[in-house]
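Trainee: Encoded as structure tokens, here's the structure I'll be asking about.
Protein chains: 2
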Amino acid sequence: MMAEKGLDALLVSQPENCRYLSGFTGSSGWLIISDSHAILATDSRYTEQAKQETQYFEVMQIKGELDSWLPELASGLRWHKLGFEANHLSFAAHHKLSETIKAKQLNLELIPTINLVERLRCIKEPEELELILKAVELTDAAFEQARAIIHPSVTEKEAAWEIEKFLRQNGSEGVAFDPIVASGPNSALPHARPTERILHTGEVVLIDIGARIGGYCSDFSRTLCLGKAHKTLQEIYNVVLEAQLAAIDRIESGMAAAQADQLARNLIQQAGYATAFGHGLGHGVGIAIHEPPTLSPTSTDCLLDGMVFTIEPGIYITGLGGVRIEDVVTLEKGRAKVLTRSAKNSFQLSGFSNQQPIER
Amino acid sequence: MMAEKGLDALLVSQPENCRYLSGFTGSSGWLIISDSHAILATDSRYTEQAKQETQYFEVMQIKGELDSWLPELASGLRWHKLGFEANHLSFAAHHKLSETIKAKQLNLELIPTINLVERLRCIKEPEELELILKAVELTDAAFEQARAIIHPSVTEKEAAWEIEKFLRQNGSEGVAFDPIVASGPNSALPHARPTERILHTGEVVLIDIGARIGGYCSDFSRTLCLGKAHKTLQEIYNVVLEAQLAAIDRIESGMAAAQADQLARNLIQQAGYATAFGHGLGHGVGIAIHEPPTLSPTSTDCLLDGMVFTIEPGIYITGLGGVRIEDVVTLEKGRAKVLTRSAKNSFQLSGFSNQQPIER
Numbered sequence: 117m118m119a120e121k122g123l124d125a126l127l128v129s130q131p132e133n134c135r136y137l138s139g140f141t142g143s144s145g146w147l148i149i150s151d152s153h154a155i156l157a158t159d160s161r162y163t164e165q166a167k168q169e170t171q172y173f174e175v176m177q178i179k180g181e182l183d184s185w186l187p188e189l190a191s192g193l194r195w196h197k198l199g200f201e202a203n204h205l206s207f208a209a210h211h212k213l214s215e216t217i218k219a220k221q222l223n224l225e226l227i228p229t230i231n232l233v234e235r236l237r238c239i240k241e242p243e244e245l246e247l248i249l250k251a252v253e254l255t256d257a258a259f260e261q262a263r264a265i266i267h268p269s270v271t272e273k274e275a276a277w278e279i280e281k282f283l284r285q286n287g288s289e290g291v292a293f294d295p296i297v298a299s300g301p302n303s304a305l306p307h308a309r310p311t312e313r314i315l316h317t318g319e320v321v322l323i324d325i326g327a328r329i330g331g332y333c334s335d336f337s338r339t340l341c342l343g344k345a346h347k348t349l350q351e352i353y354n355v356v357l358e359a360q361l362a363a364i365d366r367i368e369s370g371m372a373a374a375q376a377d378q379l380a381r382n383l384i385q386q387a388g389y390a391t392a393f394g395h396g397l398g399h400g401v402g403i404a405i406h407e408p409p410t411l412s413p414t415s416t417d418c419l420l421d422g423m424v425f426t427i428e429p430g431i432y433i434t435g436l437g438g439v440r441i442e443d444v445v446t447l448e449k450g451r452a453k454v455l456t457r458s459a460k461n462s463f464q465l466s467g468f469s470n471q472q473p474i475e476r
Numbered sequence: 117m118m119a120e121k122g123l124d125a126l127l128v129s130q131p132e133n134c135r136y137l138s139g140f141t142g143s144s145g146w147l148i149i150s151d152s153h154a155i156l157a158t159d160s161r162y163t164e165q166a167k168q169e170t171q172y173f174e175v176m177q178i179k180g181e182l183d184s185w186l187p188e189l190a191s192g193l194r195w196h197k198l199g200f201e202a203n204h205l206s207f208a209a210h211h212k213l214s215e216t217i218k219a220k221q222l223n224l225e226l227i228p229t230i231n232l233v234e235r236l237r238c239i240k241e242p243e244e245l246e247l248i249l250k251a252v253e254l255t256d257a258a259f260e261q262a263r264a265i266i267h268p269s270v271t272e273k274e275a276a277w278e279i280e281k282f283l284r285q286n287g288s289e290g291v292a293f294d295p296i297v298a299s300g301p302n303s304a305l306p307h308a309r310p311t312e313r314i315l316h317t318g319e320v321v322l323i324d325i326g327a328r329i330g331g332y333c334s335d336f337s338r339t340l341c342l343g344k345a346h347k348t349l350q351e352i353y354n355v356v357l358e359a360q361l362a363a364i365d366r367i368e369s370g371m372a373a374a375q376a377d378q379l380a381r382n383l384i385q386q387a388g389y390a391t392a393f394g395h396g397l398g399h400g401v402g403i404a405i406h407e408p409p410t411l412s413p414t415s416t417d418c419l420l421d422g423m424v425f426t427i428e429p430g431i432y433i434t435g436l437g438g439v440r441i442e443d444v445v446t447l448e449k450g451r452a453k454v455l456t457r458s459a460k461n462s463f464q465l466s467g468f469s470n471q472q473p474i475e476r
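One line per chain: the protein sequences are R and L, in this order. To convert a position in the first sequence, counted from 1, into our numbering, add 116. To convert a position in the second sequence, counted from 1, into our numbering, add 116.
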């Protein structure tokens with residue numbers, strides 16, 4: 117990809133890209149890669165860690181900002197075209213760098229690049245898939261635990277914290293994102309955050325959680341109802357599940373990600389809920405919880421073997437509640453293989469009488 | 117500040133700056149501020165939340181990237197000079213925006229700005245100070261708890277997790293940063309992360325933790341020794357403590373932050389540990405765990421009444437261990453007022469015999 121762009125070297129600044137290529141997990145560092153060099157530049161706080169974490173990169177200790185060391189490195193190695201990550205490098209960092217290059221009259225051109233490393237990242241190696249699978253298994257286990265916790269006396273926050281503790285105490289490195297437990301009308305907000313609201317019988321509870329193992333994320337959603345569900349909720353559950361299963365069944369390698377999105381969206385539209393499915397069908401999962409490919413109506417990505425992504429249609433009815441069902445899948449031999457194991461055919465949890473008084 | 121720069125409006129993209137000015141905590145949004153408008157632009161996922169969280173901003177629902185809505189907004193309001201945050205806006209976002217402006221032949225100039233909102237943020241309002249104080253009190257309480265936990269049979273990771281649970285279960289919104297518990301030689305790395313290493317008698321344990329209350333952070337470090345300390349460790353403890361107390365005593369409003377750093381650094385240098393104090397004396401604390409002012413030899417900041425920052429000298433001896441003592445202070449009526457309450461005069465924890473065997 118660098119040769120196609122005519123680059124002598126590439127400066128990698130995006131932290132997940134740095135980790136992907138080098139193994140370095142520190143919060144401050146740069147990779148500089150050419151056909152003969154692989155350099156990890158970081159300051160004195162991180163040089164020891166860098167040496168421990170990276171195998172193939174030469175660790176270079178730097179001091180000060182990019183413009184104080186990069187131009188000299190580049191001119192010393194006779195690079196003339198240096199790529200950088202245009203979606204990550206700030207306007208100010210780029211500006212200072214190019215001013216320094218001008219002032220020093222170096223024959224060095226800065227070339228913006230977009231998603232070079234991200235394109236590598238979206239096709240997972242077997243070792244990466246294994247880590248994602250471990251993270252997926254852990255969220256499956258956490259959901260088992262969650263089913264035992266959720267009860268009409270617990271708040272969303274309490275349930276979310278119990279789930280987080282379970283994940284952390286069972287091997288998750290932090291969490292992939294703050295767990296979502298959203299009940300009743302709160303579940304109608306796709307990005308709801310847990311509140312002090314107590315779970316009620318007859319209402320939905322939407323659980324959206326993710327673990328992280330060896331740096332790799334899982335992402336998981338299920339929606340349950342404590343006791344008997346409102347007719348509309350049961351109906352939208354059925355529609356979402358049907359759409360999710362249809363997408364899993366019909367997605368193929370080589371398909372446009374926008375077309376994959378349409379597989380589920382068409383069914384939701386036919387059921388009369390087109391405007392209630394406001395987000396995309398899914399997103400890639402890896403070192404980042406959201407990474408390419410993007411499965412949405414406006415995506416220009418293409419789905420390929422080795423990609424790992426979520427399939428998570430949802431229907432959200434303001435004031436009543438929302439339903440989202442989310443699995444992680446990988447494309448293998450042309451078809452979607454579902455990594456998530458948790459059941460999704462049972463919506464209404466038994467054992468909760470809707471007449472039961474709500475107490476604290 | 118906008119008038120000084122001749123700006124008709126300012127685009128704020130840095131998330132902490134958005135939160136500071138508007139109250140909005142979502143992960144995706146922009147503020148656009150002029151003398152007659154205060155707009156919070158966000159997509160459909162966050163418009164409900166934005167309306168709940170912000171009082172003085174008009175919430176505008178947007179779709180797509182910056183260049184698809186901002187140029188029209190700006191030209192509709194007849195703005196000609198639009199400031200943006202040059203340290204945060206990416207090269208690519210700026211480039212697309214200016215290409216769109218060119219293509220539409222708009223009379224609109226993009227003006228880079230640095231740290232405009234950050235300069236406001238570093239002087240704390242009484243309400244902000246109150247939240248920081250609550251977070252500081254919580255880390256003090258967590259340290260009390262930590263003293264009960266740390267014992268020669270616990271791993272660094274276990275201790276860090278117990279501390280995190282205490283913080284989270286007592287009101288911290290997540291943690292301000294991942295807790296550091298570093299023992300023995302690990303404590304010599306200023307950015308150590310907890311490992312599976314078991315705490316040993318006769319070794320130091322460095323604890324560095326932070327809570328978050330109402331969005332505001334605390335930052336706290338203490339170093340203890342389980343039982344009798346190596347002579348050198350006791351000596352560096354005394355030097356660090358003396359340097360820390362001297363800095364607290366002599367810092368004044370109006371002083372250059374670099375000079376404040378020197379107050380502690382001189383003493384450490386005189387004791388012969390100049391090269392073992394590799395980081396700055398401190399940093400501002402607020403919505404971000406690290407924000408202006410920066411107390412370091414190369415800082416150009418000035419310390420002013422109302423600022424809140426850490427004072428945290430350290431000495432790190434590779435292979436043996438490190439000592440860091442960190443308090444949060446605020447400048448009030450010209451002098452540093454220490455917010456942190458935990459004792460720092462006792463280094464060696466009694467009750468641990470150095471002859472005690474290490475078991476699991």
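In this text, a Cβ means the ideal position worked out from N, Cα and C, and glycines have one as well. These numbers come from a predicted model, not from an experiment.
Please report the straight-line C-alpha distance between tyrosine 389 of chain R and glutamine 464 of chain R, rounded to a whole angstrom.
Mentor: For the purposes of this step, residue 389 of chain R is taken as residue 273 along the first sequence, with counting starting at 1. For the purposes of this step, residue 464 of chain R is taken as residue 348 along the first sequence, with counting starting at 1. Going from the Cα of tyrosine 389 of chain R to the Cα of glutamine 464 of chain R covers about 21 Å.
Trainee: Quick one: any contact between the stretch 402-420 of chain L and the stretch 301-309 of chain L, if contact means 3 or more CB pairs under 8 Å?
Mentor: The stretch 402-420 of chain L vs the stretch 301-309 of chain L: no contact.
Trainee: Run through the stretch 271-332 of chain R for me and flag every whole beta strand (DSSP E) of 3 or more residues, listed as ranges in chain order.
Mentor: Whole beta strand (DSSP E) segments, 3+ residues: 296-299 and 320-325.
Trainee: Given that isoleucine 230 of chain R touches chain L, what residues does it touch there, using C-beta distances under 9 Å?
Mentor: Your numbering for residue 230 of chain R matches position 114 in the first sequence. Within 9 Å Cβ-Cβ: Ala208.
Trainee: Just verifying my parser: in three-state terms, what is the DSSP assignment at aspartate 443 of chain L?
Mentor: The residue labelled residue 443 of chain L in the question sits at position 327 within the second sequence. It is a strand residue.
Trainee: Comparing C-alpha positions only, which one of R:Arg161, R:Gln165, R:Gly122 and R:Glu442 sits nearest to arginine 135 of chain R?
Mentor: Position 19 of the first sequence, counted from the first residue, corresponds to residue 135 of chain R. Comparing Cα-Cα distances from arginine 135 of chain R to each of R:Arg161, R:Gln165, R:Gly122 and R:Glu442, the minimum goes to R:Gln165.
Trainee: How big is the Cα-Cα spacing for arginine 457 of chain R and isoleucine 265 of chain R?
Mentor: By 1-based counting over the first sequence, the position of residue 457 of chain R is 341. By 1-based counting over the first sequence, the position of residue 265 of chain R is 149. Computed Cα separation, rounded: 19 Å.
Trainee: If we ignore side chains and look at the alpha-carbon of each, how far apart do lysine 220 of chain L and leucine 126 of chain L end up?
Mentor: On the second sequence, position 104 is the one that residue 220 of chain L refers to. On the second sequence, position 10 is the one that residue 126 of chain L refers to. Taking the straight line joining both Cα atoms gives about 20 Å.
Trainee: Against asparagine 354 of chain L, what residues of chain R qualify as contacts under a CB-to-CB distance less than 7 Å, listed in chain order?
Mentor: The residue given as residue 354 of chain L occupies position 238 in the second sequence. The contacting residues do not exist; asparagine 354 of chain L stays about 25 Å from chain R at best.
Trainee: Apply the 10 Å Cβ neighbour rule to tyrosine 332 of chain R and answer buried if 16 or more other Cβ atoms are within range, or exposed otherwise.
Mentor: Along the first sequence, read from residue 1 onward, the residue named residue 332 of chain R stands at position 216. Buried.
Trainee: Name the residues in the stretch 138-163 of chain L whose C-beta lies less than 7 Å from a C-beta of chain R; which are they?
Mentor: Going along the stretch 138-163 of chain L in chain order, one finds Ser160, Arg161 and Tyr162 with a Cβ nearer than 7 Å to chain R.
Trainee: Is the stretch 237-248 of chain R touching the stretch 396-414 of chain R, taking contact as three or more C-beta pairs under 8 Å?
Mentor: With the cut-off at 8 Å, the stretch 237-248 of chain R and the stretch 396-414 of chain R touch.
Trainee: So with Cβ pairs under 9 Å, would you call glycine 400 of chain R a contact of chain L?
Mentor: By one-based count along the first sequence, residue 400 of chain R stands at place 284. No, its Cβ sits nowhere closer than 9 Å to a Cβ of chain L.
Trainee: Would methionine 117 of chain R be called buried (16 or more neighbouring beta carbons within 10 Å of its own) or exposed?
Mentor: The residue given as residue 117 of chain R occupies position 1 in the first sequence. By the 10 Å Cβ count, methionine 117 of chain R comes out exposed.
Trainee: Rank L:Thr348, L:His346, L:Met371 and L:Leu322 by C-alpha distance to the C-alpha of leucine 340 of chain L and give the top, closest one.
Mentor: Residue numbering aside, residue 340 of chain L sits at position 224 when the second sequence is read from its first letter. Comparing Cα-Cα distances from leucine 340 of chain L to each of L:Thr348, L:His346, L:Met371 and L:Leu322, the minimum goes to L:Leu322.
Trainee: Considering histidine 210 of chain R, what are the terminal residues of the alpha helix (DSSP H) in which it resides?
Mentor: Working through the first sequence from its first residue, we reach residue 210 of chain R at position 94. Its alpha helix (DSSP H) spans residues 207-219.
Trainee: Tell me whether aspartate 377 of chain R is buried or exposed, calling it buried when 16 or more other Cβ atoms sit within 10 Å of its Cβ.
Mentor: Within the first sequence, the letter at position 261 stands for residue 377 of chain R. So aspartate 377 of chain R counts as buried.
Trainee: Measuring CA to CA, which of L:Gln375, L:Ile431, L:Ala275 and L:Asp365 is closest to alanine 452 of chain L?
Mentor: Your numbering for residue 452 of chain L matches position 336 in the second sequence. Among L:Gln375, L:Ile431, L:Ala275 and L:Asp365, the Cα nearest to that of alanine 452 of chain L belongs to L:Asp365.
Trainee: Considering only residues of the stretch 147-192 of chain L, which uninterrupted beta strand (DSSP E) runs meet the minimum length of 3 residues and lie entirely inside it, listed in chain order?
Mentor: Here the runs fully enclosed are 154-158 and 174-177.
Trainee: Against histidine 406 of chain L, what residues of chain R qualify as contacts under a CB-to-CB distance less than 9 Å, listed in chain order?
Mentor: Your numbering for residue 406 of chain L matches position 290 in the second sequence. Under the 9 Å cutoff, chain R gives no residues; its nearest Cβ is about 10 Å from histidine 406 of chain L.
Trainee: If you reduce the DSSP assignment to three classes, tell me which class threonine 477 of chain L lands in.
Mentor: One cannot answer for residue 477 of chain L here, as it falls past the ends of chain L, which runs 117 to 476.
Trainee: Apart from the five residues on each side of it in sequence, which residues of its chain come closer than 8 Å, Cβ to Cβ, to proline 301 of chain R?
Mentor: Residue numbering aside, residue 301 of chain R sits at position 185 when the first sequence is read from its first letter. Hits under 8 Å: Thr434, Gly435, Leu436 and Gly437.
Trainee: Give the residues of chain L in contact with alanine 202 of chain R, contact being defined as C-beta atoms less than 8 Å apart.
Mentor: Translated into the one-based positions of the first sequence, residue 202 of chain R becomes position 86. Those within 8 Å of alanine 202 of chain R in chain L are Ser206, Phe207, Ala208 and His211.
Trainee: Starting from the beta carbon of leucine 305 of chain L, find every residue of chain R whose beta carbon is closer than 7 Å, and list them in chain order.
Mentor: Taking the first residue of the second sequence as 1, we reach residue 305 of chain L at position 189. Correct list: Glu164.
Trainee: Quick check on DSSP: helix, strand or coil for arginine 451 of chain R?
Mentor: Counted from its first residue, the first sequence places residue 451 of chain R at position 335. Here arginine 451 of chain R sits in strand by DSSP.
Trainee: Looking at isoleucine 248 of chain R and the ligand SAH, is the gap between the Cβ and the nearest heavy atom below 8 Å?
Mentor: The ligand SAH is absent from the structure shown, which contains no ligand whatsoever.
Trainee: Leaving aside the five residues before and after histidine 316 of chain R along the sequence, list all residues of the same chain whose C-beta is less than 8 Å from its C-beta, in chain order.
Mentor: Counting from 1 along the first sequence, the entry for residue 316 of chain R is found at position 200. Cβ neighbours of histidine 316 of chain R beyond the five flanking positions: Pro268, Ser299, Gly300, Leu342 and Ile474.
Trainee: Nearest-angstrom Cα distance between alanine 258 of chain L and glutamate 289 of chain L?
Mentor: Here residue 258 of chain L refers to the residue found at position 142 when the second sequence is read from its first residue. Here residue 289 of chain L refers to the residue found at position 173 when the second sequence is read from its first residue. Cα to Cα, alanine 258 of chain L sits roughly 14 Å from glutamate 289 of chain L.
Trainee: In three-state DSSP terms, what is arginine 194 of chain R?
Mentor: Translated into the one-based positions of the first sequence, residue 194 of chain R becomes position 78. Arginine 194 of chain R falls in the coil class under three-state DSSP.
Trainee: Does DSSP classify cysteine 349 of chain R as helix, strand or coil?
Mentor: Residue 349 of chain R sits at position 233 when you count from the first residue of the first sequence. The identity of residue 349 of chain R in the sequence shown is leucine, whereas the question assumes cysteine. In the structure shown, leucine 349 of chain R sits in a helix (DSSP, three-state: H, G or I).
Trainee: Can you tell which of R:Tyr432, R:Lys449, R:Ala387 and R:Gln360 has its C-alpha closest to the C-alpha of leucine 411 of chain R?
Mentor: Here residue 411 of chain R refers to the residue found at position 295 when the first sequence is read from its first residue. Taking only the C-alpha atoms, the option nearest leucine 411 of chain R is R:Gln360.
Trainee: Below 8 Å on the Cβ atoms is my contact criterion, and I expect threonine 229 of chain R with alanine 202 of chain R to pass it. Report the Cβ-Cβ distance as a whole number of Å.
Mentor: If you number the first sequence from 1, residue 229 of chain R lands on position 113. If you number the first sequence from 1, residue 202 of chain R lands on position 86. So it is a contact: roughly 6 Å between Cβ atoms.
Trainee: Drop a sphere of 10 angstroms on the beta-carbon of alanine 459 of chain L, count the other beta-carbons inside from all chains shown, and report buried for 16 or more, exposed for fewer.
Mentor: Within the second sequence, numbered from 1, the residue matching residue 459 of chain L stands at position 343. The residue in question, alanine 459 of chain L, is exposed, as its Cβ has fewer than 16 Cβ neighbours within 10 Å.
Trainee: Could you please tell me which residues of the stretch 262-294 of chain L, in chain order, have their CB closer than 9 Å to any CB of chain R?
Mentor: Listed by position, the residues of the stretch 262-294 of chain L near chain R (Cβ gap below 9 Å) are Trp277, Glu280, Lys281, Arg284, Gln285, Gly290 and Asp294.
Trainee: Tell me whether glutamate 253 of chain R sits in a helix, a strand or coil according to DSSP, three-state version.
Mentor: By 1-based counting over the first sequence, the position of residue 253 of chain R is 137. Here glutamate 253 of chain R sits in helix by DSSP.
Trainee: Can you give me the Cβ contacts of glutamine 350 of chain R inside the same chain, cut-off strictly under 7 Å, excluding the 5 residues immediately before and after it?
Mentor: For the purposes of this step, residue 350 of chain R is taken as the residue at position 234 of the first sequence. Once the five neighbours on either side are set aside, the close Cβ partners of glutamine 350 of chain R are Phe463.
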